[in-house]
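Engineer:
Spelled out as structure tokens, the structure:
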């Protein structure tokens, strides 16, 4: 059985992170240099992937995003302002998504196919809005209920094509990777988990993934690679938030190289989400 890895990135600024949203942030400070650092790593291994981009920075990043597409990567939606969909009404979420789609079309002449919600904050009502607007997939499902920001996306009526791929009427849902440890699902697929957890623990969790023969759907952010280590957090930022933001950033590149090599040794095929949609459509 083929195993697939999507090493995606959520393209946003440091101040888009949910724990800074109620703060007065100095938006002149940037961590978007991390985008190119990640692209260089992917280029070293000839990996193509999907970048989920916040709509309000599409114009600013237009030259870089056009090159990303020209180099064979996919770009998709990550909301317009990086506001959690479950904090919006359904009508607000629809307007936000329409605005994001329009930004990609106006500045890149690009028709997006996919969406990932900030903080996996999506429910079925809002998923149906994505379908109504003509998108072909979503990647907002995660089976982990111990995080206060995550949503609980019901796909019980979808056809399950794999442990982490679901389909209904030509629309696909991709579930971000977790592994089962002592009957609890533990994420092994996010940049924060890779940065903060000791490498030996990450390696153990990856061994659980390999034994389960599961796909690997991963996400990370530009700030996690950024060499701008002197970001001044807003006043009132708590110690836990500072820890989450700062911990492991100087070692994450080394860990990502190790992660990719583990996946290579175990014959994972690196793809974009749109590739998986095409593969399953062609099999119908």
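In UniProt numbering, the protein residues as written are 1 to 284.
Beta carbons: idealized from backbone N, C-alpha and C, even for Gly.
Figure out for me which residue from 48, 55, 81 has the closest Cα to the Cα of residue 72.
Structural biologist: It is 48.
Engineer: Compute the Euclidean distance between the alpha carbons of residue 113 and residue 134, then round it to the nearest angstrom.
Structural biologist: Cα to Cα, the separation comes out at about 8 Å.
Engineer: Name the residue from 168, 193, 76, 259 whose alpha carbon lies nearest to the alpha carbon of residue 244.
Structural biologist: The shortest C-alpha separation from residue 244 is found at 193.
Engineer: In or out: residue 288 buried (at least 16 other Cβ within 10 Å) or exposed?
Structural biologist: As shown, the chain starts at 1 and ends at 284. That puts residue 288 outside it, with no answer to give.
Engineer: Residues in the same chain with beta-carbon distance under 6 Å from residue 268, minus the five sequence neighbours each way, listed in chain order, please.
Structural biologist: Contacts found: 3, 5.
Engineer: Between which two residues does the alpha helix (DSSP H) carrying residue 200 extend?
Structural biologist: Start and end: 199–212.
Engineer: Compare the C-alpha of residue 123 against each of 88, 60, 283 and name the closest.
Structural biologist: The shortest C-alpha separation from residue 123 is found at 88.
Engineer: Is residue 80 helix, strand or coil by DSSP?
Structural biologist: Three-state result, residue 80: coil.
Engineer: Taking buried to mean at least 16 other C-beta atoms within 10 Å of its own C-beta, is residue 173 buried or exposed?
Structural biologist: Buried, since its Cβ has 16 or more Cβ neighbours within 10 Å.
Engineer: With DSSP collapsed to three states, give me the class of residue 26.
Structural biologist: Of the three classes helix, strand and coil, the one that applies to residue 26 here is coil, per DSSP.
Engineer: Can you list, in chain order, the residues of its chain whose CB lies under 7 Å from that of residue 45, leaving out five sequence neighbours each side?
Structural biologist: The residues are 260.
Engineer: Beta-carbon within less than 7 Å of residue 153's beta-carbon, same chain only, minus the 5 sequence neighbours each way: which residues are those?
Structural biologist: The answer, listed in chain order, is 122, 123, 124, 127, 140, 141.
Engineer: Assign residue 183 to buried or exposed, taking buried as 16 or more other Cβ atoms, counted over all protein chains shown, within 10 Å of its Cβ.
Structural biologist: It counts as exposed.
Engineer: Taking just the CA atoms, how far does residue 262 sit from residue 40?
Structural biologist: Distance between the alpha carbons of residue 40 and residue 262: 19 Å.
Engineer: In chain order, what residues of the same chain have a beta carbon less than 8 Å from the beta carbon of residue 83, not counting five sequence neighbours either side?
Structural biologist: Only 21, 96, 118 meet the Cβ criterion.
Engineer: If you count every other CB in all the chains shown that lies within 10 Å of the CB of residue 27, and 16 or more means buried, which is it?
Structural biologist: It counts as exposed.
Engineer: What did DSSP end up calling residue 158 once you bin it into helix, strand or coil?
Structural biologist: Residue state, collapsed to three classes: coil.
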